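Some notes on the structure that comes next.
2 protein chains.
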Amino acid sequence: MSATPAVGRPRAFDEEAVLDRAAEVFWRHGYDGASLSALTSAMGINRPSLYSTFGSKEQLFRRAFARYHEEKLADTRAALDRPTAYAAVRAYLCVSADGLTAGNQPPGCLSIQGGLACAPGNAGISDVLAAGRAGTEAALEERLARAVREGDLPEDTDISGLARFVMALSEGHAVHAAAGASREELQASIDMAMRAVPLRP
Amino acid sequence: MSATPAVGRPRAFDEEAVLDRAAEVFWRHGYDGASLSALTSAMGINRPSLYSTFGSKEQLFRRAFARYHEEKLADTRAALDRPTAYAAVRAYLCVSADGLTAGNQPPGCLSIQGGLACAPGNAGISDVLAAGRAGTEAALEERLARAVREGDLPEDTDISGLARFVMALSEGHAVHAAAGASREELQASIDMAMRAVPLRP
DNA sequence: CACCATGTGTACCGAGCGGTAGACTGGGCC
DNA sequence: GGCCCAGTCTACCGCTCGGTACACATGGTG
């Protein structure tokens, strides 16, 4: 599907580039609100090309989201790679807030705007988004577990509770960003939140 | 529209009761994902009754959401009516988490599942939801301002930042609840968050 | 008890949905 | 340079969408 075959007319578009355009439409309008016409028009290709390449609207979404999520997860892992849990959490929240308010993409987060609640036939969309968010939360929790091992957080820290807290906060920031909150407004919320992380630097 | 006229065939349903059923459908499937067939079937009335009573799908949503939001806002105000900011914030987060995981209604929150991102023609839906959330955040901030006046919070507290932090957290909890998080899991996150509120009880 | 304003039920509207058939296009390979 | 085959294009499919026309049911009022 993705490898260019030796024979035949070559594809006139870059698969990953059009996935990014598709992600943007899903991001702005949600899965149910993103029509095939809006998608093909944003992607610059027409329906048969879309269907022969991606198979269906749902598979297109899964591909677009997977690409989006891998990129975000890489950013998250990079942010978490700080010497202390405090610095790691702060970096994660800041990087997240930056992404939520970056000017070159829709405000907020595809994992949430994509379809927290979907039409009855599209429940799988909500599931794949929830799985993505759970993956990010797991990365957070893993970093906190490491901090406990390293003596950077107290032995009795509820790391899954703390990871859930940090994740929930960044999800809430996504909701705020989708409604127009600025980077500075999110930063004020982060400053408050950082009081909650045990062991200041 | 709402007052029963003296003459003519009487209405066979209770207007506010069917609004609650409608809210549940919007809540589960979002505005775009809630079809008129699903709505009428859940409400137990048929299309012409719905249209003569409420006017359109969008007006139905606005009425259903207004009812939902007024009720939640009353709960919020009641929870915030505690002697200290600490107790008020904690009560708000707990009442919120209870509502997000109550068994007799869909998990999560209509203000968020209803339509963070909508089809291009339905942008007004996202706006009315955002306005509702902003109203809740304003109630929080007002309570914190009172706490500063009463000397319960330090003079230099960033009350809007703190209100935004608390609101964002409860929005994140809504996202978690929509994905199946339990009341206990949200409670662990609340316990973490409460470290961030200045002046313990 | 006939009237009549209103609510309810069926059956339908045009539009747009997600998805596809089939003719045409164009570049690598012998 | 002619063949081949994947990609692209136009035009269309059946279906469901949000919304409505119109005939019938209902019950208080004179």
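Residue numbers (the numbering used here), protein chains in the order written: chain G, -5 to 195; chain C, -5 to 195. We treat Cβ as the ideally placed atom computed from N, Cα and C, and that holds for glycine. Small disclaimer: the values here were computed from a predicted structure and weren't measured.
Enclosing alpha helix (DSSP H) for residue i [first to last residue]
{"i": "Gln205/C", "result": "No statement about residue 205/C is possible, as the shown extent of chain C runs from -5 to 195 and does not include it."}
{"i": "Leu110/G", "result": "From DSSP, Leu110/G is part of no alpha helix (DSSP H); its letter is neither H nor E."}
{"i": "Glu179/C", "result": "177 to 187"}
{"i": "Gly174/G", "result": "Element bounds for Gly174/G: n/a, residue is neither H nor E."}
{"i": "Ala117/G", "result": "117 to 143"}
{"i": "Gly38/G", "result": "Taken as a continuous stretch (DSSP letters only), Gly38/G belongs to no alpha helix (DSSP H), as it is neither H nor E."}
DSSP state of residue i mapped onto helix, strand, coil
{"i": "Val89/G", "result": "helix"}
{"i": "Gly49/C", "result": "coil"}
{"i": "Ser29/G", "result": "coil"}
{"i": "Glu197/C", "result": "Residue 197/C falls outside the range modelled here, since chain C spans only -5 to 195, and no answer is possible."}
{"i": "Glu149/C", "result": "coil"}
{"i": "Gly2/G", "result": "coil"}
{"i": "Ala96/C", "result": "coil"}
{"i": "Arg205/G", "result": "The structure shown does not extend to residue 205/G, since chain G is modelled only from -5 to 195, so the question has no answer here."}
{"i": "Pro42/C", "result": "helix"}
{"i": "Met(-5)/C", "result": "With a pLDDT of only 42 at Met(-5)/C, under 50, the local geometry of the prediction cannot be trusted, and the value read off the model is given with reservation. Note: Met(-5)/C maps to coil in three-state DSSP."}
{"i": "Asp75/G", "result": "coil"}
Option nearest residue i by Cα separation, candidates the options
{"i": "Met161/G", "options": "Ala175/G, Ala182/G, Pro148/G, Ala187/G", "result": "Ala187/G"}
{"i": "Gly108/G", "options": "Glu9/G, Ala16/G, Arg3/G, Ala11/G", "result": "Ala16/G"}
{"i": "Phe55/C", "options": "Val122/C, Leu67/C, Ala11/C, Pro42/C", "result": "Val122/C"}
{"i": "Ala128/C", "options": "Gly174/G, Ala157/G, Ala11/G, Leu134/G", "result": "Gly174/G"}
{"i": "Ser105/G", "options": "Gln99/G, Trp21/G, Leu87/G", "result": "Trp21/G"}
{"i": "Val19/G", "options": "Arg137/G, Ala36/G, Gln53/G", "result": "Ala36/G"}
{"i": "Gln70/C", "options": "Ala58/C, Tyr80/C, Ala113/C, Leu87/C", "result": "With the sequence shown as reference, residue 70/C is identified as Thr, and Gln is not the correct amino acid for it. The residue with the shortest Cα to Cα distance from Thr70/C is Leu87/C."}
{"i": "Arg140/G", "options": "Ala172/G, His23/G, Asp75/G", "result": "Asp75/G"}
{"i": "Glu178/C", "options": "Gly155/C, Arg158/C, Gly93/C", "result": "Gly93/C"}
{"i": "Arg84/C", "options": "Ala113/C, Arg41/C, Thr47/C, Leu163/C", "result": "Leu163/C"}
{"i": "Phe159/G", "options": "Ile153/C, Ser183/C, Ala60/C, Gly145/C", "result": "Ser183/C"}
{"i": "Ala58/G", "options": "Glu10/G, Pro114/G, Gly115/G, Glu149/G", "result": "Glu10/G"}
Residue environment, residue i, which counts as buried when at least 16 other CB atoms sit within 10 Å
{"i": "Glu65/G", "result": "exposed"}
{"i": "Glu165/C", "result": "buried"}
{"i": "Ser(-4)/G", "result": "Confidence at Ser(-4)/G is low in this model, with a pLDDT of 46, below 50, so the placement of that residue should be treated as unreliable; the coordinate-derived value is given next. Its Cβ having fewer than 16 others within 10 Å, Ser(-4)/G is exposed."}
{"i": "Ile143/G", "result": "It is worth fixing the name first, because residue 143/G is Arg in this sequence and not Ile. Arg143/G comes out exposed."}
{"i": "Ala125/G", "result": "exposed"}
{"i": "Arg3/G", "result": "exposed"}
{"i": "Pro272/C", "result": "As displayed, chain C neither begins before -5 nor continues past 195, which places residue 272/C out of reach and without an answer."}
{"i": "Asp8/G", "result": "exposed"}
{"i": "Asp150/G", "result": "exposed"}
{"i": "Val169/C", "result": "buried"}
{"i": "Asn40/C", "result": "exposed"}
{"i": "Gly24/G", "result": "buried"}
Interface partners of residue i on chain G, CB under 8 Å
{"i": "Arg22/C", "result": "Ala111"}
{"i": "His170/C", "result": "Arg158, Met161, Ala162, Glu165"}
{"i": "Pro114/C", "result": "His23, Gly27, Ala32"}
{"i": "Asp152/C", "result": "Ala182, Asp185, Met186"}
Where residue i meets chain C, residues with beta-carbon distance less than 9 Å
{"i": "Pro148/G", "result": "The premise fails here: Pro148/G is roughly 12 Å from chain C at the closest Cβ pair, so nothing lies under 9 Å."}
Chain C contact residues for residue i, given Cβ-Cβ distances below 8 Å
{"i": "Gln107/G", "result": "Leu110, Ala111"}
Neighbour list for residue i in chain C, Cβ cutoff strictly below 7 Å
{"i": "Gly155/G", "result": "Ala182, Ser183, Asp185, Met186"}
{"i": "Glu179/G", "result": "Arg158"}
Chain-ordered chain G contacts of residue i [CB-CB under 7 Å]
{"i": "Arg41/C", "result": "Neighbours of Arg41/C on chain G: none; closest Cβ ~18 Å, over 7 Å."}
{"i": "Arg189/C", "result": "Arg189, Ala190"}
{"i": "Ala124/C", "result": "Ala173"}
Where residue i meets chain G, residues with beta-carbon distance less than 9 Å
{"i": "Arg127/C", "result": "Val169, His170, Ala173"}
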